[in-house]
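Student: Provided herewith is a single structure, encoded as structure tokens, for subsequent inquiry.
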């Protein structure tokens, strides 16, 4: 088809048909085809002479599509994820979540939105335009991609379905936006592949989901470097606070308002951010082209005697000073590179990366499960001369790859070139939101407005199970027909539980989740609210909150708080009574009464309509056993099987031994095999000694002995509990079988590491030192 052949079509119905083809999810991967089709339409519309034939119905549309396909479907398919509404962005200035496009061929789109959101708030005019763009994309996404059929995206240029076409037909007029059409008219972007968002004469909408990127490009030209840097620093602090939490008096993973002074007490850096883990500190230093800050740091902070102090949170007025034993590294943040329209490829040949973009660090802060992983990635990968060069469009995507390769990209001894493909970070963001399967309660209150505060619990048995990165909440989510139950456990609940009673917490969790699974549909059907949010807290937290309705029951004290669509119940369990009744009650009557007491006072109408007591005489789904053992161990200490990361790192150590000793590959007969085996044993022992020399002998021995005790005694505890449950007739067979499987797995996992621990304990006593350093 050519522009000439467009002439027979009426311009509005032609625009609608082309918009339908270009916005169809599978066709969005054919970026070249979509772009050429849009450009040809814009050229035709600009002439101002149009035909009269209308594309009235789906039959007319299919005929038109077949002509389009013959000319426009021969371009390459881009390897990018296509988003259809699952990606949400929370605007800090508007305090609202928006659906946005990021699967559009640009890099770091999601991350740049945070900086644009902050920067645009400096001027009223920019704030209005930015808000209009976010609302426009949200409107498009919610109008176009609201059907279930859109969840499957193919790699073929294909004909949109009838329902999709008819949906665009109904909504196309609403996609017009005269204000944005005027704002973006005649703007000359640096990206020569872009074109107008609206046509010249009729200002008809074109499907080109890149408004945010062009606006950010305009912001970058409008503001000074210092303004963009200030916005970037604010966003980094906001991401740290909202994604992770320092626990006052217990742990400090990061500091704000950090001052770094040289050995003479002269301040070289002020108001920077520091991240901590395992006696390592990474200072994030914002910089921009032409700045001399990097040169100053290299010249004035070359000595070990530097002082670092800062605030543990953005509100605290007190300063903390880090120990001289902490190793300090510097990572420079290029803080003025805002626009995603400038495609950049990093070709690093030194193997050491000491500068990343602000969008990279924002992506890393979002996708890290804890500060430990960030510090480890920076110190053991970026800042370590361990590669033969890196080729990457951005380093946030490289972090995502490193994390999913168990934190060891190269297992070999010889440095190798590392290549990170385009769209890695964009795809990582889409994958993140896909994991939540649209079940994440994004508008269920302040705890959930930031999805990156949470990570998925793949072992959970609810519709969606989440852990807070700050270890502040665990949430089990049950949903049906756009209604939600949020069963939350606050980390404060252990304040009311003695260590030897922690089993009651697990048992309560099992009972409540089992009850919600059984009665989910009935409870949600009767719910008068979109969200029922139940948060198990300590009694102290309950008393700190005074606004709401107080309800007392046999097992729970509750404070009920309501707004238009959310009912929140702060719940403090009576652990003593729950524990006593759980030990003596033998039927499901106890569990049903416990569940009924939990639901009391919630917006559920008549609870008797839920029919909770139909199985009162059945066996229990969860139980506790009172067991006396000869030895006492801390119930918080448990053996954990080493992660894949440990094995990959060990393989790398072996590779380096092979390379260093120039061992020839091949098969060795029995006698000849003794020499390389002996060499391996000696070299690996030396590597182990080097590791042990880094840690305090007494502290490490204590940790290893505790773990060894857990292997010896926890298996016995579980065995005794299992024997108790097997002889009890109070538990359902499924519950006993699950406990048996868990016990056997723990025994098999731990048995193979018992000898390893005994060897490590002996080696630590011989080779450890006295430096006070603890293994985290």
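Numbering (the numbering used here), first residue to last: 102 to 877. Each residue gets a CB set at the ideal place from its N, CA and C atoms; glycine is no exception.
Can you tell me whether residue 779 is buried or exposed, with buried defined as 16 or more other CB within 10 angstroms of its CB?
Tutor: In the chain shown, counting from the first residue as 1, residue 779 sits at position 678. It counts as exposed.
Student: Could you compute how far the alpha carbon of residue 428 sits from the alpha carbon of residue 407?
Tutor: To locate residue 428, count along the chain shown from 1; it is residue 327. To locate residue 407, count along the chain shown from 1; it is residue 306. Going from the Cα of residue 428 to the Cα of residue 407 covers about 10 Å.
Student: For residue 733, I'd like the list of residues in its chain whose CB is within less than 6 Å of its CB, leaving aside the five on either flank, ordered along the chain.
Tutor: By one-based count along the chain shown, residue 733 stands at place 632. For residue 733, the predicted model reports a pLDDT of 41, less than 50, meaning its position is unreliable and no value from the coordinates is stated.
Student: Report the CB separation of residue 531 from residue 437 in whole angstroms; it is logged as a contact under 8 Å.
Tutor: Translated into the one-based positions of the chain shown, residue 531 becomes position 430. Translated into the one-based positions of the chain shown, residue 437 becomes position 336. Going by Cβ atoms, the distance from residue 531 to residue 437 rounds to 27 Å, so no, they are not a contact pair.
Student: Which residues bound the alpha helix (DSSP H) around residue 497?
Tutor: If you number the chain shown from 1, residue 497 lands on position 396. Start and end: 496-505.
Student: Run through the DSSP bridge pairs and tell me what residue 653 is partnered with.
Tutor: Within the chain shown, residue 653 is the residue found at index 552, counting from 1. Note: residue 653 sits in a beta bridge opposite 658.
Student: Of the choices 716, 674, 456, 672, whose alpha-carbon is the least far from that of residue 687?
Tutor: Working through the chain shown from its first residue, we reach residue 687 at position 586. Nearest C-alpha to residue 687: 716.
Student: How is the beta strand (DSSP E) around residue 774 delimited, first residue to last?
Tutor: For the purposes of this step, residue 774 is identified with residue 673 of the chain shown, where counting begins at 1. Run containing residue 774: none in the beta strand (DSSP E); it sits in the alpha helix (DSSP H), 771-793.
Student: Going by beta carbon distance, what residues of the same chain come within less than 6 Å of residue 861, once the five residues before and after it are set aside?
Tutor: Residue 861 sits at position 760 when you count from the first residue of the chain shown. Excluding residues within five positions, the ones whose Cβ falls inside 6 Å are 805.
Student: What separation, rounded to the nearest whole angstrom, lies between the Cα atoms of residue 527 and residue 181?
Tutor: Translated into positions along the chain shown, residue 527 becomes position 426. Translated into positions along the chain shown, residue 181 becomes position 80. Taking the straight line joining both Cα atoms gives about 8 Å.
Student: Quick check: residue 546 and residue 659, are their CB atoms within less than 8 Å of each other?
Tutor: The residue given as residue 546 occupies position 445 in the chain shown. The residue given as residue 659 occupies position 558 in the chain shown. Going by C-beta atoms, residue 546 is not nearer than 8 Å to residue 659.
Student: Express the C-alpha separation of residue 606 and residue 721 in angstroms, rounding to a whole number.
Tutor: For the purposes of this step, residue 721 is taken as the residue at position 620 of the chain shown. For the purposes of this step, residue 606 is taken as the residue at position 505 of the chain shown. Taking the straight line joining both Cα atoms gives about 16 Å.
Student: For residue 468 and residue 504, which I take to be in contact (beta-carbon distance under 8 Å), what is that distance rounded to the nearest angstrom?
Tutor: By 1-based counting over the chain shown, the position of residue 468 is 367. By 1-based counting over the chain shown, the position of residue 504 is 403. Confirmed, about 7 Å.
Student: Looking at residue 667 and residue 661, is the spacing between their C-beta atoms short of 8 Å?
Tutor: Within the chain shown, the letter at position 560 stands for residue 661. Within the chain shown, the letter at position 566 stands for residue 667. No.
Student: Three or more beta-carbon pairs under 8 Å between the region 307-320 and the region 222-237, yes or no?
Tutor: They touch, by the three-pair rule.
Student: Going by DSSP, what residue range makes up the beta strand (DSSP E) through residue 361?
Tutor: Within the chain shown, the letter at position 260 stands for residue 361. Where residue 361 is concerned, the enclosing beta strand (DSSP E) stretches over 355-362.
Student: Going by C-alpha distance, which of 476, 259, 165, 423 is nearest residue 130?
Tutor: Locating residue 130 in the chain shown gives position 29, where the first residue counts as 1. Closest option to residue 130, Cα to Cα, is 259.
Student: If we count the other Cβ atoms within 10 Å of its Cβ and call it buried at 16 or more, is residue 769 buried or exposed?
Tutor: Stepping through the chain shown from its first residue, residue 769 is reached at position 668. Exposed, since its Cβ has fewer than 16 Cβ neighbours within 10 Å.
Student: Keeping to the same chain, check which residues put their C-beta closer than 6 Å to that of residue 113; ignore five residues upstream and five downstream.
Tutor: Translated into positions along the chain shown, residue 113 becomes position 12. Nothing meets the Cβ criterion.
Student: From the DSSP secondary-structure annotation, give me the bridge partner or partners of residue 191.
Tutor: Numbered from its first residue, the chain shown carries residue 191 at position 90. DSSP lists 198 as partners of residue 191.
Student: Based on the DSSP secondary-structure assignment, which residues constitute the bridge partners of residue 569?
Tutor: Indexing the chain shown from 1 puts residue 569 at position 468. Looking at the DSSP assignment, residue 569 forms a beta bridge with 555.
Student: Can you tell me which of the three DSSP states residue 842 falls into?
Tutor: Here residue 842 corresponds to residue number 741 of the chain shown, with the count starting at 1. The answer is helix: DSSP assigns residue 842 an H, G or I state.
Student: Where does residue 478 fall in DSSP's three states?
Tutor: As a working mapping, residue 478 is identified with position 377 in the chain shown. Looking at residue 478 - three-state DSSP - the assignment turns out to be helix.
Student: Hey, could you find the ends of the beta strand (DSSP E) residue 370 is sitting in?
Tutor: Numbered from its first residue, the chain shown carries residue 370 at position 269. 368-378 is the span of the beta strand (DSSP E), which, as asked, contains residue 370.
Student: Could you check whether the region 702-714 touches the region 621-632, counting it as contact only if at least three pairs of C-beta atoms, one from each stretch, sit closer than 8 Å?
Tutor: Result yes; three or more Cβ-Cβ pairs closer than 8 Å.
Student: Sort out for me which residues DSSP pairs residue 410 with in a bridge.
Tutor: Within the chain shown, the letter at position 309 stands for residue 410. Per DSSP, 360, 422.
Student: By DSSP's criteria, residue 431 is part of a beta bridge. Which residues make up the other side?
Tutor: To locate residue 431, count along the chain shown from 1; it is residue 330. Paired residue(s): 384.
Student: Measuring CB atoms only, is the region 175-194 touching the region 289-303, in the sense that at least three cross pairs come out at less than 8 Å?
Tutor: With the cut-off at 8 Å, the region 175-194 and the region 289-303 do not touch.
Student: Using a Cβ cut-off of 8 Å (strictly closer), state whether residue 775 contacts chain C.
Tutor: Absence of chain C from the displayed structure is noted, only one protein chain being present.
Student: If you count every other CB in all the chains shown that lies within 10 Å of the CB of residue 767, and 16 or more means buried, which is it?
Tutor: If you number the chain shown from 1, residue 767 lands on position 666. Per the 10 Å Cβ criterion, exposed.
Student: Report the rounded CA-to-CA distance for residue 669 versus residue 364, giving the unit in angstroms.
Tutor: In the chain shown, residue 669 corresponds to position 568, counting from 1. In the chain shown, residue 364 corresponds to position 263, counting from 1. Cα to Cα, the separation comes out at about 53 Å.
Student: Near residue 496, which residues of its chain fall below 6 Å by C-beta distance, leaving aside the five closest residues on each side in sequence?
Tutor: In the chain shown, the residue the question calls residue 496 occupies position 395. Correct list, in chain order: 457, 461.
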